[in-house]
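Respectively, the protein sequence lines represent chains W and A.
The numbering of the first sequence is numbering that gives the first Met the number 0, which starts it at 0 and goes up by one.
The numbering of the second sequence is numbering that gives the first Met the number 0, which starts it at 0 and goes up by one.
Ideal Cβ positions, reconstructed from N, Cα and C, are used throughout, including at glycine.
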Amino acid sequence: MSTVAAVVVTYNRKDKLTTVLDHVLAQTRRPEWIVVVNNASTDGTDQVLKEYEQIDGVVVVSLSENTGGAGGFATGMNKSYELGADFIWIMDDDCYANSDALEELLNGHSKAEEAMGMPLPYACSLVKWVDGNICEMNNPGTTWDWGKLIAKGQENVLVTHCSFVSVLFPRWALTKFGLPLTEYFIWFDDQEYTLRITKAGPGVQVLRSVVVHDLGVNRGVNFGDANASNLWKFEYGARNESSFRLHHENPVAWLKFLYRLAQGLRGGNVPWSIRAKLFRKAIEGITFNPKPKMPRSVL
Amino acid sequence: MTDKPRNQKPTAVFEVLDDSGVGLSDGEALLDDRERRLVEGAANFYALAGPGQTFRFTVLRGPAGTMPALTDEERTTIEWEDDHEVVGSLVVRSLMHTIADHPPSDGLVDIAVDIGGPPAMINAYDQLKGVLGKARKAVRFLAPVQFDALRQFRTDMVERRGRDIPRKAPIRLSRGAAATPHGDTPAILFGLHWLELGGAERWAIDTIRLAKEAGFLPIVVTDRDSAHEWITRPELDGALVVPLTVPMDPKQESAFLNGLLSAYDVRGIHLHHCTWLYDKLPWIKSVRPEIPVVDSLHVLEWRTGGFVDISVRLSNMIDEHHVISPQLRDYLVGKHGMPEDKVVLATLAGLTTDGIAVGGADDVESNPFTVAFVGRFTQQKRPYLFLQLAAELKKNSPREVRFIIHGHGELAAEVNSLRARLGDAVELRGPDRPVSDTFRDSDVLVVSSDNEGLTLTSFEATAAGVPVVSADVGSQSSLIADDLLCPRHPYAFIQAAAARIRTMMTSPDQRKTWLDEQAAKAEAFAKLPRAEDWTRDLYRGWLK
Numbered sequence: 000m001s002t003v004a005a006v007v008v009t010y011n012r013k014d015k016l017t018t019v020l021d022h023v024l025a026q027t028r029r030p031e032w033i034v035v036v037n038n039a040s041t042d043g044t045d046q047v048l049k050e051y052e053q054i055d056g057v058v059v060v061s062l063s064e065n066t067g068g069a070g071g072f073a074t075g076m077n078k079s080y081e082l083g084a085d086f087i088w089i090m091d092d093d094c095y096a097n098s099d100a101l102e103e104l105l106n107g108h109s110k111a112e113e114a115m116g117m118p119l120p121y122a123c124s125l126v127k128w129v130d131g132n133i134c135e136m137n138n139p140g141t142t143w144d145w146g147k148l149i150a151k152g153q154e155n156v157l158v159t160h161c162s163f164v165s166v167l168f169p170r171w172a173l174t175k176f177g178l179p180l181t182e183y184f185i186w187f188d189d190q191e192y193t194l195r196i197t198k199a200g201p202g203v204q205v206l207r208s209v210v211v212h213d214l215g216v217n218r219g220v221n222f223g224d225a226n227a228s229n230l231w232k233f234e235y236g237a238r239n240e241s242s243f244r245l246h247h248e249n250p251v252a253w254l255k256f257l258y259r260l261a262q263g264l265r266g267g268n269v270p271w272s273i274r275a276k277l278f279r280k281a282i283e284g285i286t287f288n289p290k291p292k293m294p295r296s297v298l
Numbered sequence: 000m001t002d003k004p005r006n007q008k009p010t011a012v013f014e015v016l017d018d019s020g021v022g023l024s025d026g027e028a029l030l031d032d033r034e035r036r037l038v039e040g041a042a043n044f045y046a047l048a049g050p051g052q053t054f055r056f057t058v059l060r061g062p063a064g065t066m067p068a069l070t071d072e073e074r075t076t077i078e079w080e081d082d083h084e085v086v087g088s089l090v091v092r093s094l095m096h097t098i099a100d101h102p103p104s105d106g107l108v109d110i111a112v113d114i115g116g117p118p119a120m121i122n123a124y125d126q127l128k129g130v131l132g133k134a135r136k137a138v139r140f141l142a143p144v145q146f147d148a149l150r151q152f153r154t155d156m157v158e159r160r161g162r163d164i165p166r167k168a169p170i171r172l173s174r175g176a177a178a179t180p181h182g183d184t185p186a187i188l189f190g191l192h193w194l195e196l197g198g199a200e201r202w203a204i205d206t207i208r209l210a211k212e213a214g215f216l217p218i219v220v221t222d223r224d225s226a227h228e229w230i231t232r233p234e235l236d237g238a239l240v241v242p243l244t245v246p247m248d249p250k251q252e253s254a255f256l257n258g259l260l261s262a263y264d265v266r267g268i269h270l271h272h273c274t275w276l277y278d279k280l281p282w283i284k285s286v287r288p289e290i291p292v293v294d295s296l297h298v299l300e301w302r303t304g305g306f307v308d309i310s311v312r313l314s315n316m317i318d319e320h321h322v323i324s325p326q327l328r329d330y331l332v333g334k335h336g337m338p339e340d341k342v343v344l345a346t347l348a349g350l351t352t353d354g355i356a357v358g359g360a361d362d363v364e365s366n367p368f369t370v371a372f373v374g375r376f377t378q379q380k381r382p383y384l385f386l387q388l389a390a391e392l393k394k395n396s397p398r399e400v401r402f403i404i405h406g407h408g409e410l411a412a413e414v415n416s417l418r419a420r421l422g423d424a425v426e427l428r429g430p431d432r433p434v435s436d437t438f439r440d441s442d443v444l445v446v447s448s449d450n451e452g453l454t455l456t457s458f459e460a461t462a463a464g465v466p467v468v469s470a471d472v473g474s475q476s477s478l479i480a481d482d483l484l485c486p487r488h489p490y491a492f493i494q495a496a497a498a499r500i501r502t503m504m505t506s507p508d509q510r511k512t513w514l515d516e517q518a519a520k521a522e523a524f525a526k527l528p529r530a531e532d533w534t535r536d537l538y539r540g541w542l543k
């Protein structure tokens with residue numbers, strides 16, 4: 000039977016983290032390993048994790064500095080790969096998986112592969128917000144023939160990219176394409192990675208696998224929301240997406256991104272000083288072009 | 000002529016009609032056992048390729064270091080180099096049946112086999128020809144570490160590009176048209192690189208032993224020029240050994256394989272790094288698709304992929320790929336999309352650890368601190384890098400330090416010369432000394448290789464309680480503590496390895512932590528299926 004490692008990346012969210020881990024531990028198909036990456040939390044997360052570490056299969060990786068979501072996921076996925084996992088299931092520290100979320104992901108992925116007649120590089124869950132509506136931030140992009148599997152009676156949608164909130168990767172995807180780009184730190188690391196591995200074939204969103212994303216507000220990413228307090232995140236977003244569009248797509252895609260950035264900032268009436276900072280970061284993307292690291296085969 | 004038949008072994012494919020100097024019959028022998036087995040190997044080849052024919056072998060011996068030439072297309076020439084002496088003359092008749100509708104010629108077929116000279120270490124760089132070759136050799140030996148740095152950059156560039164490997168189209172037949180019945184003796188055909196010291200060869204020889212234990216006749220072919228010093232090993236007693244030298248006459252290649260397949264009941268083929276046999280698989284699978292084929296893979300070569308990529312190319316002809324490391328499993332399944340059930344991970348853990356006692360850690364706090372290298376002196380193992388590391392540690396260490404470099408090989412002259420510069424601090428040990436002595440005397444083992452699969456010395460060091468500092472290559476990460484994996488590039492390797500070893504010198508606790516991590520990894524690794532068990536079961540299945 001295939002083995003699964005769940006990966007949870009956490010930073011200063013010890014209250015939600017326990018709920019996340021309890022949901023993972025209560026899965027109908029319990030993962031062989033639960034790898035928790037503590038991204039140098041300072042709120043006592045380490046104490047909470049000490050208790051969980053006693054549970055069979057729980058592996059805690061404590062980092063000495065915060066490496067962002069990108070670094071955390073790369074670390075956790077690499078650790079899972081080293082442990083010998085056949086599948087790696089990753090999520091944030093505010094993602095509550097329904098009890099059958101993993102079982103449905105594995106089933107859905109397997110059935111989709113069978114119907115498509117090819118290996119598929121990932122399967123993601125349907126992500127809901129706490130009120131039961133779709134979580135706007137975690138809506139995957141679909142392929143042009145997204146309904147292909149629905150036409151065959153499956154509750155699966157073909158996708159081109161998704162966020163790192165309940166995604167299942169087969170081991171081979173990491174062997175072939177490496178790990179997420181640690182250097183992205185935060186934002187767009189999930190899109191870059193899933194777009195990268197979509198070169199091997201589409202991903203699949205398994206609608207029967209459901210998780211709840213416990214965000215403060217249910218709103219997608221929009222550059223028009225940038226302000227002085229959240230600027231740091233938008234700066235990573237501008238640099239990372241600029242780099243991706245230019246280096247992994249083409250100059251036209253890059254120009255279209257700059258246009259979209261300008262439109263978004265104007266639509267949100269973002270102050271000029273913030274607009275300038277974000278454009279400066281987008282320009283930084285011209286020289287920012289990190290390369291993926293490959294995981295190590297240990298077992 | 001002497002009485003016949005002299006060669007009465009159950010595996011005999013020829014009978015000796017007359018023998019002068021070779022020693023296959025009872026007369027005076029001018030050849031040693033290794034040389035005699037080489038001649039026997041050549042006679043096996045021609046007897047199988049020429050059913051019913053009579054051959055006269057003129058046996059030549061070349062100067063030291065020259066390689067045997069036994070089966071290549073030049074062997075029918077009855078002239079030879081001035082420096083080759085004639086040391087034997089042998090007439091044999093093939094005992095193989097012929098399917099020809101006319102009897103074979105009564106005339107003799109004359110073959111001049113060259114058994115080469117006494118084995119000698121040949122440096123591959125000595126064989127470089129032309130001005131460019133000489134220049135390359137000069138740079139390599141004047142500045143080995145700098146030259147290595149350039150090699151590593153080249154490796155980076157080539158590896159970054161990746162490799163697409165076209166696959167040989169599959170054979171669609173479930174049976175080949177029958178030409179001849181086959182013999183009754185159950186046999187396994189083994190393809191080896193050569194019969195010399197090496198990790199892959201050690202495992203290959205073990206599988207030959209397992210085949211014999213299971214009741215098979217091992218048929219062993221090799222395709223690489225070599226003095227075949229292991230041809231006298233007891234595991235090969237009773238086996239049919241054919242050290243091929245290429246290029247061969249294509250007609251003889253098929254005749255030889257036809258001879259094998261009709262003389263014996265070949266139940267399976269096991270490849271261990273043998274290009275010639277890999278290349279013949281499509282034909283073999285066309286005429287005998289029912290014969291199962293497996294291969295054992297050890298190391299993914301930088302830049303070319305080596306035998307692993309050859310195996311990928313011919314995967315449609317191979318029923319199962321046996322790999323000895325998780326890295327190779329992931330390469331075949333993950334990178335090349337092979338079905339998981341076609342790739343078998345079965346490790347060589349414990350293959351060479353018998354007789355190694357824990358002892359290395361006992362005197363860690365006493366002076367001097369001992370740093371060891373155990374391995375062949377070859378480019379792949381980079382002994383010069385170990386000696387550069389030794390120079391660095393000798394110059395700057397918190398404690399008195401000494402070094403043991405244990406091995407032999409084609410870079411022995413370079414090792415001697417570099418070692419001389421370091422004075423008495425470096426002790427050189429040869430193959431006459433058991434490696435268990437070196438592990439007992441060591442505080443840390445260094446693996447400085449440019450490339451590896453999974454070093455047997457790392458298993459041995461773990462059994463001896465010695466931590467290993469290793470280049471992060473191949474599947475070394477399966478055994479070595481994370482902090483003790485160092486970059487492959489030479490300068491970065493020396494810097495990282497020296498820092499870790501200095502830490503060990505001053506902190507026995509840290510050394511123990513790393514050793515414990517290494518032991519834990521070894522324990523987890525040991526739980527993976529073992530190659531010997533898998534092979535034994537496989538061969539048992541082939542008997543049914």
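- Rounded to whole angstroms, the separation of the alpha carbons of W:P169 and A:S261 is 46 Å.
- Between A:S474 and W:S61 a beta carbon distance of about 26 Å is seen, past the 8 Å cut, so the two are scored as non-contacting.
- Residue-level contact check: W:L178 does not touch chain A, since none of the beta carbons of chain A fall below 8 Å from its beta carbon.
- Counting only residues of its own chain and dropping the five nearest sequence neighbours on each side, W:F233 has a CB closer than 7 Å to the CB of F222, A225, L277.
- Contact note: W:T174 reaches chain A through D329, G333, K334, using a C-beta cutoff of 7 Å and chain order.
- At a cut-off of 8 Å between beta carbons, W:P30 makes no contact with chain A.
- In terms of Cα proximity to A:V322, the closest of A:A348, A:M316, A:W301, A:T303 is A:A348.
- Residues of the same chain with a CB within less than 7 Å of the CB of W:D42, apart from the 5 flanking positions on each side, are N11, K13 in chain order.
- The region 276 to 288 of chain A makes no contact with the region 69 to 85 of chain A, as fewer than three CB pairs between them are under 8 Å.
- Using a CB distance cut-off of 8 Å, A:A523 counts as an interface residue toward chain W.
- In this structure, DSSP gives A:E14 an extended state, which the three-state scheme calls strand.
- A:A48 places its beta carbon less than 8 Å from that of A:G258.
- In the structure shown, A:N315 adopts helical secondary structure according to DSSP, grouped into three states.
- At least one CB atom of chain A sits nearer than 8 Å to the CB of W:V297.
- Between the C-alpha atoms of A:K250 and A:D449 there is a straight-line separation of about 40 Å.
- Under the Cβ criterion of 8 Å, W:R170 is counted among the residues facing chain A.
- At a cut-off of 8 Å between beta-carbon atoms, W:P118 makes contact with chain A.
- Around the Cβ of A:A496, a 10 Å sphere holds 16 or more other Cβ atoms; the residue is buried.
- Our two residues, W:R279 and W:G219, have alpha carbons roughly 23 Å apart in a direct line.
- A residue is called buried once 16 or more other Cβ atoms fall within 10 Å of its Cβ, and A:Q517 is buried on that count.
- Contact check between the region 212 to 228 of chain A and the region 181 to 198 of chain A: three or more CB pairs, one atom from each, fall below 8 Å, which counts as touching.
- Counting along the chain, the unbroken alpha helix (DSSP H) around A:I283 starts and ends at 274 to 286.
- Per the Cβ contact rule, the region 32 to 50 of chain W is not in contact with the region 98 to 110 of chain W (fewer than 3 Cβ pairs under 8 Å).
- DSSP, read as helix, strand or coil, puts W:K292 in coil.
- Legend: CB atoms of the region 464 to 481 of chain A lying less than 7 Å from CB atoms of chain W belong to residues S474, S476, S477.
- In chain order, G67, A69, Y235 place their CB closer than 6 Å to the CB of W:F184, counting only its own chain and leaving out the 5 sequence neighbours on each side.
- Closest by C-alpha distance to A:S469, out of A:S457, A:A462, A:A525, is A:S457.
- With 16 or more other CB atoms across the displayed protein chains lying within 10 angstroms of its CB, W:H160 is buried.
- Neighbours of A:P325 across chain W, judged by C-beta separation under 8 Å: G83, S296, V297, L298.
- Counting C-beta atoms within 10 angstroms of its own C-beta, W:N239 has 16 or more neighbours from the protein chains shown and is therefore classed as buried.
- The continuous alpha helix (DSSP H) containing A:P325 extends over residues 325 to 329.
- Counting only runs that start and end inside the region 12 to 84 of chain A, the alpha helix (DSSP H) elements of at least 4 residues fall at 32 to 48.
- Around A:L527, the beta-carbon contacts reaching into chain W at under 8 Å are L298.
- Three or more pairs of CB atoms, one per stretch, sit closer than 8 Å, so the region 289 to 305 of chain A contacts the region 147 to 165 of chain A.
- Secondary structure note for W:S124: it is in no alpha helix (DSSP H), and the uninterrupted beta strand (DSSP E) holding it is 122 to 127.
- Under the three-state reduction of DSSP, A:I218 is assigned to strand.
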